[in-house]
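2 protein chains.
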Amino acid sequence: MSENEGEEGGVVYEIAIAVPKWGENNNNKLDKITGDFDNDCVGILVNELKKKGLIVERVVGLQNEFVKLAAPLEILGKAAAELRFRKRTHIGMDFPFEWDEAEAFVKLPDGSLFSWCERFRCYNHIVHGIVNTEKLPVILKYEDRTIDWKSGESLVAKLEAIGVVKEVFPLHDEKKRKQLLRSWAMNWLDFTSQPIDDICSYYGVKIATYFAFLGMFTKWMVFPAALGLTVQLVDFGSMQLLVLPFFFICVISWAVLFFQFWKRKNSAMSASSSECTPTELMKKQTSDRTKEKANFQREEWFRWLMRFRNDAFIIMSIICLQLPFELAYAHLYEVIRSDLLKFCLTAVYLLAIQYFTRMGGKVSVKLIKYENNENVEHRANSLVYKVFGLYFMQSYIGIFYHALLHRNVMTLRQVLIQRLLISEVIENLLENSIPYLSYSFKKFRAVRNKQKREKGSGKSSPIPRVEKDYLKPAYAASIGQEIEDGLFDDFLELVLQFGMIMMFACAFPLAFAFAAVNNITEIRADALKLLATMRRPIPRADATIGAWMNIFQFLIVMSICTNSALLACLYDREGKWSLSPGLAAILIMEHVLLFIKFGFSRIVPEEPAWVRAARRKNATQAEEMCSKRLLRSISGDDKWFREIKKNE
Amino acid sequence: MSENEGEEGGVVYEIAIAVPKWGENNNNKLDKITGDFDNDCVGILVNELKKKGLIVERVVGLQNEFVKLAAPLEILGKAAAELRFRKRTHIGMDFPFEWDEAEAFVKLPDGSLFSWCERFRCYNHIVHGIVNTEKLPVILKYEDRTIDWKSGESLVAKLEAIGVVKEVFPLHDEKKRKQLLRSWAMNWLDFTSQPIDDICSYYGVKIATYFAFLGMFTKWMVFPAALGLTVQLVDFGSMQLLVLPFFFICVISWAVLFFQFWKRKNSAMSASSSECTPTELMKKQTSDRTKEKANFQREEWFRWLMRFRNDAFIIMSIICLQLPFELAYAHLYEVIRSDLLKFCLTAVYLLAIQYFTRMGGKVSVKLIKYENNENVEHRANSLVYKVFGLYFMQSYIGIFYHALLHRNVMTLRQVLIQRLLISEVIENLLENSIPYLSYSFKKFRAVRNKQKREKGSGKSSPIPRVEKDYLKPAYAASIGQEIEDGLFDDFLELVLQFGMIMMFACAFPLAFAFAAVNNITEIRADALKLLATMRRPIPRADATIGAWMNIFQFLIVMSICTNSALLACLYDREGKWSLSPGLAAILIMEHVLLFIKFGFSRIVPEEPAWVRAARRKNATQAEEMCSKRLLRSISGDDKWFREIKKNE
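Residue numbers (my numbering), protein chains in the order written: chain A, 87 to 734; chain B, 87 to 734.
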């Protein structure tokens, strides 16, 4: 029984390979006539995929041809066993997957054995695992060229190199997509409820975590939004002076509590979803234990040093290059009187920062490649920190400039409204419309090209669904596509909004209400974007919000300091409060030290690498010992075990 | 082969039971004559102990009789299996201990299978596990009374209730004690090196952790001590103004780094020592899963509420009762001119705080009993926080008073020197001499009583070693003996010293040098105390410094704030720097919020209780499944497994 077969017995194709359309090149017409298909590379690929047990369908689109793939459960299971997925068993332990003992493993809430993330990795493993097992090279024909597929070489890698395989991409599952569209993106009745389980099974844990976070954030946002409205609109008479400090304390407590409860919720979520974690490969072990320990220590410190160097480099370049630039813009904008000049300046500025941030992102990605981080999520986190530094400067330095140097609260409020409205609303619009427009344009061009070529045929054939998927833009980050996907941009938007409303909470309490409204639309807009205009994203298994959590925490601390400064400015209307430079220096030193105290503990890891490695080694050894022997007894008819299953 | 048998085959007795001396009461002489020993309760106890397989020796002391116990390894192993100790196996996983598969479990570095902590718990289990297995009650005779030992009742509990068993206490192992005395307490050549592994195997992990911490702390202390000396003694000319801020920054960075590296070291230590952790008992499971979850949640919040109430109660009483008292003393001391009156005041004050802290400790212990904490170490931590609050006020409020209100750095320095010298040196002396004196007095009284009774016999018999051990004072905390042991006082001393030198670092840089010297002697003094004058303490398995870590961290943050205030006072000699009350209020609010931010995350646990419970349940289930089946194959002649063993 394949889990991919729908109720009507229709096969759900989950992966597609895009190849050039047969017959686009005239030379091939000859082959067609002579029927010399034997060595046609696409044909060989399809044959090999069929040999692997996959269900294959070839679809000819307008511009390209597509090989759609589906896999029976058994084929996926065997690939999972080869990949040594660690999966939760019924006794609660994680074991490497074995197809023969599949009964021992816990099924997902929707009844399937593998999550989308696991299935995707299995497909990838199968597709990229096609190698030439013969001794002799196989001759591949493509257009008028012939290529040797050497022994032991991967077919797909070879075809990708010569441009035959254009892309391997995941397909939308129309039935599930429509269902989600109904229950999620178009469900306008309840603003914050989302079918998180369905999102998780369709998009993977990482995206579900994002939406769970966004939903909870929006729900919690109601409290400060209401408070902010009250503070802004109601006149408290003689108590007016105490209102802002009270608001400040409430907002900070709210933020601290929110993140603590989010952590709780997140840990509960990841406890109930048993996503696979890749079995990490062990380093080669030297026989000498102390030598091994020294090696680990040396490597750990080297890695630390590289990361430190990179961070220092980024921070220095932000301070030395970006800060003067941003300050210059803010200053010029203040100084210039003419509206036209202001407009020109802003246009130049916007162009320049587009270029700068893209360059910064590229530099960061390059630096991170040298960092030798342990796994993909570590690398992604490292990138997040670095790029956030860029955006932090870019988004807030102008506002700081207005707030602190000019001591002009009204200008600050104007700037805040401007930024919130412009950045949030317009960005939200752009974010959704640009992918849609680009998709529409591509589709239009494809249809027109087709019509041009086949002038005679009159009515054009409709675009197949798989080609529509192929034409949709990928869910990619605006910087560094290799490491992060589109979640990066979504989180960045959320974080910048959070920083804006928190850091200037006392200057503009109404901002929380703006943000609440914005987030309610953001949920639906992001859902629509993912469901309708984007290609189905590549699933990720990470179940936390990762580095963003630390950035949120950092912003809370920042907002305590900035709001205090704001309050001091607000209450000091007459400019009577003086701060002697000595005292100011001491205060600054104190704050820097407090940041060192709380930031430093993250710099030196608490657990030495060799301890972690030893633990991992132990776990691996235990698995080796346990798994096969035990899995049999778990999946078999052990009396005691059947009772556990019954109790669940 | 028993591991307790020394090289010469001499049995090492590790536990003793103190019972009243036979023949102290004249009535018994009749029994002696008639030879009616059958129902003598001590005799029955000894018989039962022998039946359990223990090696028993009765020693008659001057005042009491002692039943010394040793156990062959097999008896311990069976007790360990009954207790379901979780122990590390050769494949790196922890499994409940099974005596038949003892080969599968990792031996300690000194070659023994069980640590002292595990052995002690086994002894306790065996001794308290003697129950009447017959249907009929056994008649016990004690002096002229007879007592029924009912069916199913514990013999030792019964005898404790009627006062026959006075105490069950651990014995010193003379050979190892003397060895430690040589290599540790009397090793004056290298000041900071300690045989941590030996300490760990003799005293258990908790005490070894304390000494490892003390050693590392003392070693690291050299840096700020040298810096403090330099700052105090060298004149930097025109740079003098910058010296103190520089010293401040160095000291804070030093403290932050030290604790981070201590965490690393501690995690490495606990990775290499595989101390048993008790298998926690599971709560009764209801069949309904959501109901279970709701139960856990309700219970967790209830526990949280109780803890919160207790903490609030303690904090309020500290602020409302202790703070005014301390301030009154500090103020009176400042105001009074007469030296005699000052002396009287101090004497009254010292008496009063003795009484107060003892009362506070008792109240805390009582409060904690209602808290329903999960395990002993949680309870101990909760006590540590509460009692530290008391001591914090008591130790520092006077100093704060001098420092901040009088703005008089010279008085502050005097007070600091006074406190450091008095509290450290004199307390150190007292700490070591009082137990010794009390022990000597008890011994002297015992010998005199004996001589009085046996006037005729001329030469008195020597005191047996076991009675000497019995007369030694127990390693108990000055407050709440049930929950914490003597480590509480030692850590408290260390923490108060740390707070003193850190919080007032800028006022008195020389303090670090004082503290360094003090800690060097402290190591030896504490070692001597434990080895020579104290009864062997009851071992504890906890491998971290627990709640004290958080207190140290709190003190670092406090010291950032106090030192900033100190610097402001120091540089503002002319009193020119003014701080308008509004600004001061905002600054205070900011600091309070920063503390909320960093303290609050500890208040709401990150992982809901039901998640933890589910995890634990899973682990237990896995164990049930795995252990027996696997242990056989680990301890047996599995080919693959033998290879692992060889590699280790």
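Glycine included, C-beta positions come from ideal geometry on N, C-alpha and C.
A:Ile141, DSSP secondary structure in three states: strand
CA nearest to the CA of A:Tyr415, picked from A:Lys455, A:Lys379, A:Tyr228, A:Tyr482: A:Tyr482
Close-in-space but distant-in-sequence residues of the same chain around A:Phe183 (CB under 6 Å, 5 per side omitted): Ala166, Ala167, Phe171, Lys173, listed in sequence order.
Partners in chain A for B:Gln383, counting only beta-carbon separations shorter than 9 Å: None at all; the shortest Cβ gap to chain A is about 10 Å.
Beta-carbon contacts of A:Leu82 that lie in its chain and below 7 Å, excluding the five residues immediately before and after: With chain A covering only 87 through 734, there is no way to say anything about residue 82 of chain A.
N- and C-terminal bounds of the alpha helix (DSSP H) containing A:Trp202: Counting along the chain, the alpha helix (DSSP H) containing A:Trp202 begins and ends at 202-214.
Cβ contact check for the region 284-296 of chain B and the region 609-627 of chain B: 3 or more pairs under 8 Å: yes
As assigned by DSSP and simplified to three states, the class of B:Ile74: This structure cannot speak to residue 74 of chain B, because chain B is shown only from 87 to 734.
A:Ile401 beta carbon less than 8 Å from that of A:Gly475: The answer is yes: Cβ separation under 8 Å.
Start-to-end residues for the alpha helix (DSSP H) that takes in B:Leu656: 633-657
Extent of the continuous beta strand (DSSP E) to which B:Thr316 belongs: Run containing B:Thr316: none in the beta strand (DSSP E); it sits in the alpha helix (DSSP H), 291-319.
Exposure of B:Leu367, with buried meaning 16 or more beta-carbon neighbours within 10 Å: For B:Leu367, the predicted model reports a pLDDT of 43, less than 50, meaning its position is unreliable; a value from the coordinates is still stated below. So B:Leu367 counts as exposed.
Proximity of A:Asp228 and A:Leu155 at Cβ, strictly below 8 Å: According to the sequence as given, residue 228 of chain A is Tyr; it is not Asp. In this structure, the beta-carbon distance from A:Tyr228 to A:Leu155 does not fall below 8 Å.
A:Ser403 at chain B interface by Cβ criterion, 8 Å: no
In chain order, each alpha helix (DSSP H) run of at least 4 residues that lies wholly inside the region 385-445 of chain A: 409-421
Rounded separation between B:Glu253 and B:Ser279 - CA only: Distance between the alpha carbons of B:Glu253 and B:Ser279: 36 Å.
Nearest to B:Tyr561 (by Cα), restricted to the options B:Ala633, B:Gly572, B:Glu693: B:Gly572
The region 155-175 of chain B: positions lying closer than 7 Å to chain A by Cβ: The residues in question: there are none.
Inter-residue spacing [alpha-carbon to alpha-carbon] between A:Ala271 and B:Ile631: 51 Å
As assigned by DSSP and simplified to three states, the class of A:Lys455: helix
Cβ-based neighbour list, B:Ser269, same chain, cut-off 6 Å, excluding 5 preceding and 5 following: Pro281
Residues that DSSP places opposite A:Ser240 in a beta bridge: A:Val217, per the DSSP bridge assignment.
Presumed contact (8 Å Cβ cut-off) between A:Glu385 and A:Ala700, rounded CB distance: A:Glu385 to A:Ala700, Cβ: 14 Å. No contact.
Residue burial classification, A:Leu407 (beta-carbon count within 10 angstroms, cutoff 16): exposed
Beta-ladder partner(s) of B:Thr41, from DSSP: Here chain B has residues from 87 to 734 only, and residue 41 of chain B is not among them.
DSSP bridge partner residues for B:Asp180 (one or two, in chain order): B:Arg174
Amino acids of chain B, ordered along the chain, whose beta-carbon sits closer than 8 Å to that of A:Ser664: Ser664, Ser666
Interface residues of chain E facing B:Glu692 [CB-CB closer than 8 Å]: Although the question refers to chain E, the structure presented lacks it and instead comprises the protein chains A and B.
Nearest candidate by alpha-carbon position, reference A:Leu275, set A:Ile216, A:Lys452, A:Ile606, A:Leu245: A:Ile606
Members of the region 321-332 of chain A near chain B, C-beta cut-off 8 Å: Pro331
Cα-Cα separation between A:Asp658 and B:Ile512, rounded to whole angstroms: 52 Å
Nearest residue (CA-CA) to A:Phe297, options A:Val449, A:Ile225, A:Asp576: A:Asp576
Proximity test, Cβ basis, 8 Å: A:Glu676 and chain B: Closer than 8 Å to some Cβ of chain B, the Cβ of A:Glu676 qualifies, so yes.
Closest by C-alpha distance to B:Lys615, when choosing among B:Ser650, B:Lys536, B:Ser524: B:Ser524
Contacts around A:Ile404, its chain only, beta-carbon distance under 7 Å, and the 5 residues preceding and following it disregarded: Gly475, Leu476, Met479
N-terminal and C-terminal residue of the beta strand (DSSP E) that B:Glu151 is part of: 150-156
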